[in-house]
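Please read the structure below before turning to the comments.
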Amino acid sequence: MKNTSYRYGTYALITSFFLFFIVQMFRAYVELSPEFLGENLGEYGLTYFPISALIVGLVFLSHGWWLEDEKKQREKLAAQNQQESNESV
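If you read the sequence shown in my numbering, its first letter stands for residue 1212, the second for the next number, and so on.
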């Protein structure tokens, strides 16, 4: 991947899926432990880590898509300008 935004976005998305999996395993471990008193695990905010990594990955991927789209438009415009200059000669 030449585009760093695509690379970082892919890494962030992979990380978010692993974090989500780890958080779910931790939640199951805590709920199945004998010392679990039925407390609200949402107070710890563990779900925010995978969600934030997912958002960062999507931002990076959309930024990479945006850059690639602009690059293709510039190349297309340059080809059109080249063609027009060849026709005028």
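The C-beta atom is built at its ideal place from N, Cα and C for all residues, glycine as well.
(1) If you draw a straight line from the alpha carbon of Ser1296 to that of Glu1281, how long is it in whole angstroms?
(2) Hey, how far is the Cα of Ala1239 from the Cα of Lys1213?
(3) How many angstroms separate the CA atom of Glu1298 from the CA atom of Ser1263?
(4) In angstroms with no decimal places, state the Cα-to-Cα distance between Ser1216 and Phe1271.
(5) Look up Lys1283 in the DSSP assignment and say whether it is helix, strand or coil.
(6) Please list the terminal residues of the continuous alpha helix (DSSP H) segment that includes Thr1215.
(7) Can you tell me the Cα-Cα spacing of Glu1246 and Leu1278, whole angstroms?
(8) Could you compute how far the alpha carbon of Val1241 sits from the alpha carbon of Phe1260?
The structure says:
(1) 22 Å
(2) 40 Å
(3) 52 Å
(4) 5 Å
(5) helix
(6) Thr1215 to Leu1243
(7) 52 Å
(8) 18 Å
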